[in-house]
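Q:
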Amino acid sequence: MTEVKTAIVIGGGIAGPVAALALGRAGIEATVYERYQNTAEGLGGTLALAPNGVAALRVVGADEAVTSMATPISRQVMAVGGKRIALPGLAGAPPLRIVHRSDLYRVLQDRAVATGVAVEYGKRLVDAQETASGVTVRFADGSTASADILVGADGIRSTVRRLIDPNAPDPKFTGVLGFEAVARTEMDVEPGTITFAFGKRGYYLYWPEPGGGTRWGVNLPQERPMTIAEAREVPSADWMRTLRTTYGDDDPGRELMLTSSADELQVAGSLQIMPPVPHWHRGRLVLVGDAAHAPSNSSGQGASLAIESAVQLARCLRDVTDIPSAYAAFERLRRSRVEKIAARAARINHAKAPGAVARALMPLLMQLMMKTAMNPEKTIGPEQRYVIDWDAPVTAEPALR
Ligand SMILES: Cc1cc2nc3c(=O)[nH]c(=O)nc-3n(C[C@H](O)[C@H](O)[C@H](O)COP(=O)(O)OP(=O)(O)OC[C@H]3O[C@@H](n4cnc5c(N)ncnc54)[C@H](O)[C@@H]3O)c2cc1C
Numbered sequence: 024m025t026e027v028k029t030a031i032v033i034g035g036g037i038a039g040p041v042a043a044l045a046l047g048r049a050g051i052e053a054t055v056y057e058r059y060q061n062t063a064e065g066l067g068g069t070l071a072l073a074p075n076g077v078a079a080l081r082v083v084g085a086d087e088a089v090t091s092m093a094t095p096i097s098r099q100v101m102a103v104g105g106k107r108i109a110l111p112g113l114a115g116a117p118p119l120r121i122v123h124r125s126d127l128y129r130v131l132q133d134r135a136v137a138t139g140v141a142v143e144y145g146k147r148l149v150d151a152q153e154t155a156s157g158v159t160v161r162f163a164d165g166s167t168a169s170a171d172i173l174v175g176a177d178g179i180r181s182t183v184r185r186l187i188d189p190n191a192p193d194p195k196f197t198g199v200l201g202f203e204a205v206a207r208t209e210m211d212v213e214p215g216t217i218t219f220a221f222g223k224r225g226y227y228l229y230w231p232e233p234g235g236g237t238r239w240g241v242n243l244p245q246e247r248p249m250t251i252a253e254a255r256e257v258p259s260a261d262w263m264r265t266l267r268t269t270y271g272d273d274d275p276g277r278e279l280m281l282t283s284s285a286d287e288l289q290v291a292g293s294l295q296i297m298p299p300v301p302h303w304h305r306g307r308l309v310l311v312g313d314a315a316h317a318p319s320n321s322s323g324q325g326a327s328l329a330i331e332s333a334v335q336l337a338r339c340l341r342d343v344t345d346i347p348s349a350y351a352a353f354e355r356l357r358r359s360r361v362e363k364i365a366a367r368a369a370r371i372n373h374a375k376a377p378g379a380v381a382r383a384l385m386p387l388l389m390q391l392m393m394k395t396a397m398n399p400e401k402t403i404g405p406e407q408r409y410v411i412d413w414d415a416p417v418t419a420e421p422a423l424r
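So the sequence shown is numbered by my numbering: it starts at 24 and just counts up by one.
#1: What residues match up with R238 in a beta bridge as DSSP calls it?
#2: CB of K363 to nearest heavy atom of ligand 1: below 7 Å?
#3: Pick from Y59, E232 and D412: whose alpha carbon is nearest that of D164?
#4: Evaluate G105 with the Cβ neighbour count: other Cβ atoms within 10 Å of its Cβ, from every protein chain shown; 16 or more gives buried, anything less gives exposed.
#5: Cα-Cα, which of A30, E52 and G68 is closest to E203?
#6: By alpha-carbon positions, which one of H316, I172 and R129 ends up nearest to T29?
#7: Does the Cβ of G325 have 16 or more other Cβ atoms within 10 Å, making it buried, or fewer, making it exposed?
#8: Inspect the CB distances between the stretch 172 to 185 and the stretch 308 to 317 and report whether three or more fall short of 8 Å.
#9: If you measure between the beta carbons of P244 and G215, is that distance less than 8 Å?
#10: Taking the continuous beta strand (DSSP E) assigned at G280, which residues delimit it?
#11: Count the other CB atoms within 10 Å of the CB of A155; is the residue buried (16 or more) or exposed (fewer)?
#12: Pull up the CB-CB distance for L328 and L46, whole angstroms please, since I reckon it's below 8 Å.
#13: How long is the line joining the alpha carbons of G276 and D193, rounded to whole angstroms?
#14: Below 8 Å on the Cβ atoms is my guess for P258 versus Q132; work out the distance and round it to an integer in Å.
#15: What's the C-alpha gap between P299 and F196?
#16: Could you please give the first and the last residue of the uninterrupted beta strand (DSSP E) stretch that includes K106?
#17: I need the boundaries of the alpha helix (DSSP H) containing M263, first residue and last residue.
#18: Give the secondary structure of K195 by DSSP, where H, G and I count as helix, E and B as strand, and everything else as coil.
#19: Give the DSSP-derived three-state secondary structure of D313 in the structure shown.
#20: So W230 and I217 are in contact, right, with Cβ under 8 Å, and what is the actual spacing, rounded?
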């Protein structure tokens, strides 16, 4: 057991509340600080939790609340040039769970509050200073807070990452912008089926929306990166026109775009990935979630890995006596897993990028997909079957797994 009794957790997204809950189970009192005033501010769209993410939520007692509001997806199909190829899943594995991002944040924060975690809103971290006995953080409103450790769960544009290492890399633009909406049209697919479609000019995916219609997401090729704020300054009707042109020659892309309303378009801005972050911790500061490892959205694992890391960090702090050794144990447990998953996703991502390069890479993508189709146990098995044994003790030199 470390000397750690209290923790400041920066970020009330996914990794933050889960870290606070898991730290609580490890006997460490955490307070979560979130920069926005409420949980749904600036948020939209859905994300898919993989079985490993849901398994990690079980450790903090949040799995049932999340699965009860989720849309289960148990069939995956890839569509290229009019051909539909069923991608076999893992035998006996639970479905993917699609949740609204704002609902997920709310449920996790509610669960944290119910177990006694304090969550403070409107607190944007701007600085942190280590003292002999702890760490003191300063917020944009001028207030401060102190604790034994600081956990940066502040997402892909993390401030804590910069405080740990001013030379840390920035996120990289993947060459696509994200959009999502629900089309009024119904597709002729079984409920619980998600289709990953490679259109003539861009990638998109869709699945039946419970209650009617078809929910879709697109990765719109775009040369220039755009922040979410910049992308939202463009009128939705203009984006809708661009999407109708881009997907106008695709079936069913064209129909999906034509039967969707610009008013309901969710604009996510540039999709980004984190290159490997050299330093995950320094002194009393440590990173979890996207702040440390944001794989491309092609992995379908960003949120699930964020949850896993939050739980594993708490296990390490529970069992390893000093903070640097606990953080080193945490990094040893996590780095190879998250970087392997990020590398697999990056290969798929290339094929979604626009232009001739992507077309040339299509055979590679097909090969990757076929490999998955032939042997899902080998490709996605280690990702999705991963279950954290909370009770297993962590030593300063844990075995890699
Ligand atoms: C369009 C899109 C689709 C995606 N789809 C999927 C998917 O299907 N499956 C999947 O697993 N993943 C998906 N992801 C990735 C997933 O969203 C992330 O991996 C996940 O949100 C990471 O959780 P996090 O808690 O680390 O960061 P976040 O969810 O980004 O939360 C960070 C929190 O920190 C707060 N914050 C930031 N800076 C500060 C500060 N200075 N002070 C205080 N608070 C701060 C933010 O406001 C935010 O609430 C998708 C991402 C995008 C963009």
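C-beta: ideal position from N, C-alpha, C; glycine also.
A: Straight from the coordinates:
#1: By one-based count along the sequence shown, residue 238 stands at place 215. BP columns for R238 point to V205 and W230.
#2: Within the sequence shown, the letter at position 340 stands for residue 363. False, no ligand heavy atom lies under 7 Å from that Cβ.
#3: In the sequence shown, counting from the first residue as 1, residue 164 sits at position 141. That would be Y59, whose Cα lies nearest to the Cα of D164.
#4: The count along the sequence shown starts at 1 and reaches residue 105 at position 82. By the neighbour-count rule (16 or more Cβ atoms within 10 Å), G105 is not buried but exposed.
#5: Along the sequence shown, read from residue 1 onward, the residue named residue 203 stands at position 180. Residue G68 holds the alpha-carbon nearest to the alpha-carbon of E203 among A30, E52 and G68.
#6: The residue given as residue 29 occupies position 6 in the sequence shown. The shortest Cα separation from T29 among H316, I172 and R129 belongs to I172.
#7: Counted from its first residue, the sequence shown places residue 325 at position 302. When all chains shown are included, G325 counts as buried.
#8: yes
#9: Indexing the sequence shown from 1 puts residue 244 at position 221. Indexing the sequence shown from 1 puts residue 215 at position 192. The answer is no: Cβ separation not under 8 Å.
#10: On the sequence shown, residue 280 is found 257 positions in, with the first residue counted as 1. Note on residue identity: the sequence assigns Met, not Gly, to residue 280. First-last for M280: G276 to L281, but that is the alpha helix (DSSP H), not the beta strand (DSSP E).
#11: Numbered from 1 along the sequence shown, position 132 holds the residue referred to as residue 155. So A155 counts as exposed.
#12: Along the sequence shown, one-based indexing puts residue 328 at 305. Along the sequence shown, one-based indexing puts residue 46 at 23. In fact, because the Cβ distance is near 18 Å, the residues do not count as touching under 8 Å.
#13: Residue mapping note: residue 276 aligns to position 253 of the sequence shown, counting from 1. Residue mapping note: residue 193 aligns to position 170 of the sequence shown, counting from 1. The straight-line gap from Cα to Cα measures roughly 33 Å.
#14: In the sequence shown, the residue the question calls residue 258 occupies position 235. In the sequence shown, the residue the question calls residue 132 occupies position 109. Beta-carbon to beta-carbon, P258 and Q132 are separated by about 32 Å, too far to satisfy the 8 Å threshold.
#15: Here residue 299 refers to the residue found at position 276 when the sequence shown is read from its first residue. Here residue 196 refers to the residue found at position 173 when the sequence shown is read from its first residue. Looking at the two C-alpha atoms, the distance is approximately 14 Å.
#16: By 1-based counting over the sequence shown, the position of residue 106 is 83. Unbroken beta strand (DSSP E) run through K106: K106 to L110.
#17: Reading the sequence shown from its first residue, position 240 is the one you call residue 263. Looking at the DSSP string, the run of the alpha helix (DSSP H) that includes M263 is S259 to T269.
#18: As a first step, residue 195 must be located in the sequence shown, where it is residue number 172. It is a strand residue.
#19: The residue labelled residue 313 in the question sits at position 290 within the sequence shown. Helix.
#20: For the purposes of this step, residue 230 is taken as residue 207 along the sequence shown, with counting starting at 1. For the purposes of this step, residue 217 is taken as residue 194 along the sequence shown, with counting starting at 1. That belief holds up - the Cβ atoms of W230 and I217 are roughly 4 Å apart, short of 8 Å.
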